[in-house]
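The structure under discussion appears below in the form of structure tokens.
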Amino acid sequence: MATTLEPEVKAVGTRRARDTRARRDSRAGVALVSPTVIVVGVMVVLPVLWALLLSFQRIRLLQIRRLDLIGGEYTLRNYDLLLSSSDFFVTVRTTLYYSVFGTLGAILLGLAAALLVRRSFRGRALVRGAFLLPYVAPVVAIAFIWQVLLSPQLGFVNAVGTGILGWDEPIPFLSQEKGNITLFGLSVGVPTALLMVILFEAWKSFPFAFLFILARLQAAPADLEEAARVDGATPTQVFRYIILPQLMGVIALIAVLRFIWTFNAFDEIYLLTGGGAGTEVLATQVYSFLTARNDVGASAAVAMFMAAVLAVVLAFYLKVFGDRERQP
Amino acid sequence: MNRRRWNRYAIEVAALKVLRPLGIAFFVVITVFPFYYMVMLSMRDISAVIDAPGQLLIGLDEITSDAYERVLKPTSQGGEGFLRFLLNSAFLGLATVAVTIAVSILGAYAVSRLEFFGRRTVHFLFLSVYLFPAILLAIPLFVAFSKMGLRGELWVLVIVYVAQTLPICVYMLRNYFETVPVSLEEAAEVDGATRLQIIRKVTLPLAVPAIAATGLFVFMIAWNEFLFALLFLVEERQNWTVSLGVSQLTNIETPATTLMAGSVILTLPIIVLFLFAERLMTEGLTRGAEKG
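For the record, the sequence lines run as chains V and S. Per the working numbering, the first sequence starts with residue 1, numbered consecutively. Per the working numbering, the second sequence starts with residue 1001, numbered consecutively.
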């Protein structure tokens, strides 16, 4: 009797042990992850939801002491005012120029830098470290370095321009909205300040693209290139037909991340131009609505508009590249 | 045909031989020169800079530390009070690192090791948080802390920074934990160790290099942060961070040399930490390789 029962008892016992083990793991998992979830929930998720509610209310900063959390009158006025103002679309356009060209510049510079230091040479580690400087240095410091470098009175760039290149007068790079470049007798209008903040963004972020592209390059198998070279492919052909196709995945990922972060960027433009001279972007507008106009509702509406644009961009990326990535 | 292709090949190879060092030099100049310019300007006299803005070398007799003295001296002695800002930034950075690392170790361990309800959702949520505009988050937090009358407090900013850096920390540590073999933990479990004991005695000692690298990363983010410091602290001068202090130096009377001295003080700790972190990361990697 006892001998026939034993295996059954054992089976029930192990299943029960496995059940309690799984339950114990599950409970431990929830317990260990809960501090993270609570902090992110209270400091990120709830505030974002609240910002959504704020964007549908007429709230000024001076009234916030009397403000209650959820209550208040809901209205579409903030969005109405935004979408009916032509200034808003100018800002949207500037933001898009800034994010698209800033991203493009960062990727091109990063790609060039990665290809240059791909093969080893003496001092390569040092050079690699130097290339990362613009990305790790505090944004406040590098923005002011650029400001001083580009200053019309004591800036190095203008000193070289007027002293050596023969410019008639110093160019106020960060406060000039429209400039003219004369090339071969042809005069072209240039949005000077916007061009400068785009250049700054490309310069500051290229190390990010550089790191990712370099890592991908070093993981690429060497035999493909070797075979192409044996077949007589020139370096540009090897790049165009062998290397570039392997990099497209990582470049797409960098493009979407950099676009999102540049689209959100506030510090760079606020510090370089304060949003003046035709460089006002959505992020600086949110800030000035909040602090200068004390209009909480309107600033929340602009911020929500930004989030909506990013959601569309992200959805597009996941739809186009999401499936491709899962393939080996 | 064959000869023409060979020609193109030879031309391209020859061109690359010249262009590669030129290109590397170009990138070294554009990345290093602005920092060189900052250091050089911070040690010059402002009137000398205005006289010769194009000058790139500085004579030994020309070097002055006036700008640094002005920046570091407390306001009561006519300075800008940066010593105080350095302490504020250091406190903010260290407190953020301590809290973030403690919380994210637990979270990352759970996400990488334990099967629990909502595991995948949690992970996705963390990453999507990282892509939200900081400025969108700034509005409700600004309003809420203003309403509570806590906006100028440094510890409030610590909480904000912890929330901002937690998702990326959990992500980085999780990636590391997944490379630590589970068999080690199972052996400890057979010996009767509890879950917390396993984390403390088995997983953490193995993850020390990864935790150090993540901590340095968080410190750099907190030290460099500008938007929230500006929004929350600008009215409380005694609580300013170095970033905020430098950004407020830009009124007309502040000479560019002072601005650059402030920027050097702001940048130097980060560059030093960065050099340190790079080595730490490679050390962590080689240590892992030695063990197979």
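Just so you know, even glycine gets a beta-carbon here, dropped at the ideal spot from N, CA and C. On a predicted model such as this, the values are computed, not experimentally measured, just so you know.
Residue i in three-state terms, based on DSSP
i	result
V:Thr182	strand
V:Val281	coil
S:Val1180	coil
S:Asp1191	coil
V:Glu325	Because V:Glu325 sits at a pLDDT of 47, beneath the cut-off of 50, its placement in the model cannot be relied upon, and the point is left open.
S:Phe1274	helix
V:Val190	strand
V:Arg122	coil
V:Val60	The sequence as given places Arg at residue 60 of chain V; Val does not occur at that position. In this structure, V:Arg60 counts as strand in the three-state DSSP scheme.
S:Asp1061	helix
V:Asp168	coil
V:Asp295	strand
V:Arg216	helix
S:Gly1284	Below a pLDDT of 50, predicted positions are generally treated as unreliable, and S:Gly1284, at 42, falls in that range; the measurement from the model is reported next regardless. Helix at S:Gly1284.
S:Ala1289	Because S:Ala1289 sits at a pLDDT of 35, beneath the cut-off of 50, its placement in the model cannot be relied upon, and the point is left open.
Short Cβ contact (7 Å threshold) for residue i with residue j
i	j	result
V:Ala209	V:Phe321	no
V:Arg258	V:Thr103	yes
V:Val313	V:Val302	no
V:Ile242	V:Ala228	yes
V:Asn78	V:Ala292	no
S:Ile1024	V:Leu116	yes
V:Pro134	V:Pro152	no
S:Ser1128	S:Val1264	no
S:Val1103	S:Val1218	no
V:Val140	S:Ser1183	no
V:Leu310	V:Ile254	no
S:Val1143	V:Val42	no
V:Ser55	V:Met304	yes
V:Phe101	V:Ile198	yes
S:Phe1232	S:Arg1151	yes
S:Val1246	S:Leu1266	yes
Minimum C-alpha distance to residue i - residue among the options
i	options	result
V:Ser120	S:Arg1020, S:Gly1118, S:Glu1062	S:Arg1020
S:Ser1112	S:Tyr1161, S:Met1148, S:Asn1239, S:Val1170	S:Val1170
V:Ala330	V:Leu247, V:Asp25, V:Arg23, V:Ala159	Since the first and last residues shown for chain V are 1 and 328, residue 330 of chain V lies out of range.
V:Tyr97	V:Ser84, V:Phe184, V:Leu194	V:Leu194
V:Ser205	V:Glu225, V:Phe263, V:Phe316	V:Phe263
S:Leu1092	S:Leu1166, S:Met1172, S:Thr1203, S:Thr1241	S:Thr1241
V:Asp87	V:Pro235, V:Thr279, V:Val45	V:Thr279
S:Ile1270	S:Leu1204, S:Ala1090, S:Ala1229	S:Ala1090
Length of the line joining the Cα atoms of residue i and residue j
i	j	result
S:Pro1053	V:Phe173	16 Å
S:Glu1189	S:Phe1276	36 Å
V:Pro207	V:Phe289	33 Å
S:Glu1069	S:Glu1153	28 Å
S:Pro1074	S:Leu1083	7 Å
V:Phe144	S:Pro1181	47 Å
S:Phe1124	V:Gly166	56 Å
V:Pro7	S:Ala1207	Any reading at V:Pro7 is ruled out, since the residue's pLDDT is 49, under 50, leaving its predicted position unreliable.
V:Pro328	V:Gly249	Model confidence at V:Pro328 stands at a pLDDT of 37, short of 50, so the residue's coordinates are unreliable; what they give is reported in the following sentence. So the two alpha carbons sit approximately 12 Å from each other.
S:Leu1227	V:Ala265	10 Å
V:Arg216	V:Asp168	47 Å
S:Gly1059	S:Pro1255	20 Å
S:Gln1055	S:Val1049	8 Å
S:Gly1262	V:Gln147	14 Å
V:Leu271	V:Ala137	15 Å
V:Ala51	V:Leu81	18 Å
V:Ala277	S:Glu1080	30 Å
V:Leu161	V:Gly155	Residue identity check: residue 161 of chain V is Gly in the sequence provided, not Leu. Cα-Cα distance, rounded: 10 Å.
V:Val238	S:Arg1008	13 Å
V:Leu62	S:Ala1213	43 Å
V:Leu282	V:Gly123	42 Å
V:Asn158	V:Ser187	20 Å
For residue i, the first and last residue of its enclosing alpha helix (DSSP H)
i	result
S:Lys1073	Counting along the chain, S:Lys1073 falls outside any alpha helix (DSSP H), and DSSP gives it neither H nor E.
V:Gly163	156–163
V:Asp87	86–116
S:Phe1132	Premise fails: S:Phe1132 is in no alpha helix (DSSP H) and is neither H nor E.
V:Glu268	267–272
S:Gly1245	1242–1247
V:Glu177	Neither: V:Glu177 is in no alpha helix (DSSP H) and is coded neither H nor E.
S:Thr1254	Run containing S:Thr1254: none; DSSP gives neither H nor E here.
V:Glu225	222–230
V:Gln147	139–149
S:Ser1047	1046–1051
V:Leu81	77–83
S:Asn1088	1082–1113
V:Tyr135	133–136
Within-7 Å CB hit, residue i to chain A
i	result
V:Val230	The chain inventory of the structure shown lacks chain A, comprising the protein chains V and S.
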